[in-house]
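Chemist: Sharing a structure below in structure tokens format, with a few things to ask.
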Amino acid sequence: MDPVGAVVVTVVVVALGFAFTNGFHDAANAVATSISTRALTPRVAVAMAAVMNLIGAMLGTGVAEVIGSGIITPPEGISGLVVVLAGLAGAIAWNLVTWWFGLPSSSSHALIGGLTGAGLASSTTVHWDVITSRVVVPMFVSPLIGFSLAFLVMLGLIWLLRNAGNQSTTRGFRYAQTLSAAAMALGHGLQDAQKTMGVIVLALVAAGWWEGSTIPLWVKLAAASAIAAGTWSGGWRIMRTLGRRIIDLDPARGFVAETVAATVLYATAFVWAAPISTTHTITSAILGVGATRRASAVRWGVVRTIGTAWVLTLPGAAALGALFLWLLRAVA
């Protein structure tokens, strides 16, 4: 195999490795609330999330095309492939660090940060206009929408069910959470698997093996399978944070949080083609439903820790991407 081919294969393998880490890192996004409210057992919830991730990954390509052509434009040949590889390595490293500490940071922002950092450390063109409009703005807007919408929907639900029996209502929402968790997992696959697809296409274009930003079928299948396998492996550390440490959720609040988060994911993927963070979206929705109980019901110390991880993800992953670029060039 020629050197370019060997590097392309390496990038594809590492990209699928990123999808796998994304799966177990973000598995909590889809199923933590259902597990914490005992609507689903952990094994059933994770299996369902893996299947829905697989299906969701096949439903669109808008986000993949933004990642594949809108974040950086690496030079052709091995030098461009090394930039992509360094960005992926930085994103994976950040995912593993935050997973180890149980922090629900954004795999999406880790990937974008890693690619941006590797791009800045090289002669690669970085598309700041796309990063601003499709990454930074949604980074702040989507959690605000998730929080506000979840808060309002939960208030409306409380009013509608003010005279309903608590036991029967709780049982009904436990069943409903099966659907809302499935919808959330579908949205996770729709959003996050596409980011891996985009990186693989970025590498294929840099190698001169592909033109444009359309996604080959084999890339879709590979990325979908990798993220589903990662989800099946589970993300129990982060599940504890989202499902129990932020607020004690009941089935009704879990259902609303998942439904609102899934809606935001679908809207941004199909309408805006923005690679938003599933982690930010579900966490903000959980905060929104929690705030309808009382402000003190939310464990704000945990929220501050999560917020710090959010703020640090883009620059942290960018620094790691630049570091890996330096290491790869040093050993090349």
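In the working numbering, the protein residues as written are 2 to 333. The beta-carbon is built from N, C-alpha and C at its ideal position, and this holds for glycine as well.
Assign GLY244 to one of two classes, buried (16 or more other C-beta atoms within 10 Å of its C-beta) or exposed (fewer than that).
Modeler: In this predicted model, GLY244 has a pLDDT of only 46, less than 50, meaning its place in the structure is not dependable; the value taken from the coordinates is given anyway. So GLY244 counts as buried.
Chemist: From what residue to what residue does the alpha helix (DSSP H) around GLU66 run?
Modeler: It spans 63-70 - the alpha helix (DSSP H) in which GLU66 sits, taken as one unbroken run.
Chemist: Residues bridged to VAL127 by DSSP?
Modeler: DSSP lists ILE73 as partners of VAL127.
Chemist: Taking the CB atoms as reference points, tell me whether LEU321 and GLY118 lie closer together than 8 Å.
Modeler: A contact, by the Cβ cut-off of 8 Å.
Chemist: Classify LEU162 as helix, strand or coil using the three-state DSSP reduction.
Modeler: Of the three classes helix, strand and coil, the one that applies to LEU162 here is coil, per DSSP.
Chemist: When we look at the beta-carbon of GLU212 and count the other beta-carbons within 10 Å, is it buried (16 or more) or exposed?
Modeler: Counting Cβ neighbours within 10 Å, GLU212 comes out exposed, since fewer than 16 surround it.
Chemist: Go ahead and pull the three-state DSSP assignment for THR269.
Modeler: In the structure shown, THR269 sits in a helix (DSSP, three-state: H, G or I).
Chemist: Should VAL332 go down as buried or exposed, given a rule of 16 or more other Cβ atoms within 10 Å for buried?
Modeler: Looking at its Cβ environment, which holds fewer than 16 other Cβ atoms inside 10 Å, VAL332 is exposed.
Chemist: Quick one: residues in its chain with C-beta nearer than 6 Å to the C-beta of MET155, no 5 flanking neighbours on either side, listed in chain order?
Modeler: The answer, listed in chain order, is VAL257, VAL290 and THR293.
Chemist: Less than 7 Å between C-beta atoms, sequence neighbours within five positions excluded: which residues of the same chain meet that for LEU329?
Modeler: Result list for LEU329: VAL83, LEU86 and ALA87, in chain order.
Chemist: Leaving out five residues before and five after PRO139 in sequence, what residues of the same chain have Cβ atoms less than 6 Å from its Cβ?
Modeler: ALA275 and ILE277.
Chemist: For ALA51, which residues from the same chain have a beta carbon less than 6 Å from its beta carbon, with the 5 sequence-adjacent residues on both sides left out?
Modeler: Answer for ALA51: ALA229, THR232 and TRP233, listed in chain order.
Chemist: Should THR264 go down as buried or exposed, given a rule of 16 or more other Cβ atoms within 10 Å for buried?
Modeler: Its Cβ being crowded by 16 or more others within 10 Å, THR264 is buried.
Chemist: Which first and last residues belong to the alpha helix (DSSP H) in which PRO43 is found?
Modeler: Counting along the chain, the alpha helix (DSSP H) containing PRO43 begins and ends at 43-57.
Chemist: Among the residues of its own chain, which have a CB less than 6 Å from the CB of PHE148, if the five just before and after it don't count?
Modeler: Answer for PHE148: SER285, LEU288 and GLY289, listed in chain order.
Chemist: Which residue comes first and which comes last in the alpha helix (DSSP H) that contains ILE343?
Modeler: Nothing about residue 343 can be reported from this structure: the residues present for the chain run from 2 to 333 only.
Chemist: Hey, MET198 and ALA65: beta-carbon distance below 8 Å or not?
Modeler: Yes; because the gap between Cβ atoms is below 8 Å, this pair is in contact.
Chemist: According to DSSP, simplified to helix, strand and coil, what is TRP210?
Modeler: Three-state DSSP puts TRP210 in coil, outside helix and strand.
Chemist: If you follow the alpha helix (DSSP H) that GLY190 is part of, which residue opens it and which one closes it?
Modeler: Run containing GLY190: none; DSSP gives neither H nor E here.
Chemist: Which same chain residues end up closer than 7 Å to GLU375 when comparing Cβ atoms and leaving out the 5 residues on each side of it in sequence?
Modeler: Outside the shown range of the chain, which is 2 to 333, sits residue 375, and nothing can be said about it.
Chemist: Run through DSSP, which three-state label would ALA319 get?
Modeler: In this structure, ALA319 counts as helix in the three-state DSSP scheme.
Chemist: Could you tell me which of VAL32, SER70, TRP95 and LEU41 sits nearest to ASP130, measuring between CA atoms?
Modeler: Ranking VAL32, SER70, TRP95 and LEU41 by Cα distance to ASP130 puts SER70 first.
Chemist: For ILE68 and TRP219, what's the separation of their Cα atoms in angstroms?
Modeler: Roughly 17 Å between the two C-alpha positions.
Chemist: I believe SER106 touches ALA310 by the beta-carbon criterion, under 8 Å. Please report the beta-carbon distance rounded to the nearest angstrom.
Modeler: Their Cβ separation, rounded to whole angstroms, is 4 Å, which keeps SER106 and ALA310 in contact under 8 Å.
Chemist: Is there contact here, the segment 8-24 with the segment 157-170, by at least three beta-carbon pairs under 8 Å?
Modeler: Counting Cβ pairs under 8 Å, fewer than three are found: no touch.
Chemist: Report the three-state DSSP secondary structure of LEU243 (helix, strand or coil).
Modeler: The predicted position of LEU243 is uncertain, since its pLDDT is 48 and thus under 50; no value can be drawn from it.
Chemist: For ALA227 and PRO4, what's the separation of their Cα atoms in angstroms?
Modeler: If you take the alpha carbons of ALA227 and PRO4, they lie about 25 Å apart.
Chemist: Beta-carbon within less than 6 Å of THR62's beta-carbon, same chain only, minus the 5 sequence neighbours each way: which residues are those?
Modeler: If we look at THR62 and ignore the five residues flanking it on each side, its Cβ neighbours are ILE216.
Chemist: If you drop the 5 nearest sequence neighbours on each side, which residues of the same chain put their C-beta closer than 7 Å to that of THR99?
Modeler: These residues qualify, in order along the chain: SER106 and ALA310.
Chemist: Quick one: Cα of PHE102 to Cα of THR280, how far?
Modeler: Distance between the alpha carbons of PHE102 and THR280 is about 15 Å.
Chemist: Going by the beta-carbon positions, is the gap between ALA111 and THR314 smaller than 8 Å?
Modeler: The answer is yes: Cβ separation under 8 Å.
Chemist: ARG175: buried (16+ other C-beta within 10 angstroms of its C-beta) or exposed?
Modeler: It is buried - the Cβ of ARG175 has at least 16 other Cβ atoms within 10 Å.
Chemist: Is DSSP giving ALA263 helix, strand or coil here?
Modeler: If DSSP states are grouped into helix, strand and coil, ALA263 belongs with the helices.
Chemist: What's the gap between the Cα of SER366 and the Cα of LEU55?
Modeler: For the chain, the structure presents residues 2 to 333; residue 366 sits outside this window and is missing.
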